[in-house]
Ligand code: ADP
Ligand code: MG
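Numbering (the numbering used here), first residue to last: 77 to 341.
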């Protein structure tokens, strides 16, 4: 048996405060086997992004640690690609040059990087838009560009933080389908953060529920046994989907209410 792709051991992350530190997540234990699609859900502000930043190596744990393929993470996680809520598209670069950007930084020669970028632009359904600039694209198309930008580097691990949350509901479902098409058979490990339970269930093998903050911890882990490939547009009316949804929502709802009551005070 290999190591888990990502492992969190008693992970605690605190932010320094004026009076006292704020502990966002505390004692989080999680092992994500290679090739799994795992989503993290929880109320707004519970520490989902914090967790992902720790796995990305963008934030150092206050205690505990992150292991990547069994090795303690030290600095940036170079095995991982990131896709965050706001895209990092460079406005003065075309779609093609944005997609090729990571390869350019990595020193890949021009011919090769443009050829690979063209391939990726096509894979995310943007053939014909190679020369367009970000401001000429719809929100969905910008997300497709960002997907290509992340996947072109062929990372083993994908860290996605509410990547589709700025999109309208229909585009969001379509993008989820695009993401599954890319992921299926890729062997890549995905840690996907969302506050949208529908989206989490549609995509994931497993869903991890974080408690209301402060000092969030994992309070539920749920297997999503829905067969793949999944017909995402029909999933929500499937009784099996409703059953999983009902189970997880009971847990998530309780945490959302706790979080709401704590903030209202
Ligand atoms: P989520 O992604 O689940 O909405 P975050 O991980 O962004 O939650 O934040 C968790 C908690 O940590 C929140 O209470 C937030 O205000 C706090 N927090 C996040 N980033 C910082 C920071 N840089 N400095 C201080 N507090 C932060
Ligand atoms: Mg967040």
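In this text, a Cβ means the ideal position worked out from N, Cα and C, and glycines have one as well.
When the alpha-carbon of residue 288 is set against those of 140, 331, 100 and 179, the nearest one is in 331. Only residues of its own chain outside the window of five on either side were considered, and among them 124, 125, 128, 158, 159, 160, 161 and 269 have a CB closer than 8 Å to the CB of residue 237, listed in chain order. Annotation: the continuous beta strand (DSSP E) that includes residue 105 extends over 98-108. If you draw a straight line from the Cα of residue 119 to the Cα of residue 291, it comes to about 13 Å.
In the three-state scheme derived from DSSP, where H, G and I count as helix and E and B as strand, residue 156 is classed as strand. The C-beta of residue 304 has fewer than 16 other C-beta atoms within 10 Å across all chains shown, which makes the residue exposed. Judged by their CB atoms, residue 88 and residue 138 are nearer to each other than the 7 Å cut-off. Straight-line spacing of the CA atoms in residue 220 and residue 199 works out to 9 Å. Here DSSP, grouped into helix, strand and coil, assigns residue 200 to coil.
Taking the Cβ atoms as the reference, residue 324 lies roughly 6 Å from residue 273, within the contact range of under 8 Å.
The alpha-carbon separation between residue 141 and residue 104 amounts to approximately 10 Å. Taking one beta carbon from each stretch, the segment 211-228 and the segment 175-188 have 3 or more pairs nearer than 8 Å; the two touch. Around the beta carbon of residue 168, fewer than 16 other beta carbons lie within 10 angstroms, which makes this residue exposed. The beta carbon of residue 320 sits closer than 8 Å to those of 277, 298, 300, 301 and 302, all from its chain and outside the five residues before and after it, given in chain order.
Annotation: residue 265 is outside any alpha helix (DSSP H); the continuous beta strand (DSSP E) that includes it extends over 265-269. Per DSSP, reduced to three states, the secondary structure at residue 209 is coil, with no helix or strand assignment. The segment 142-152 makes contact with the segment 78-86, as at least three CB pairs between them are under 8 Å.
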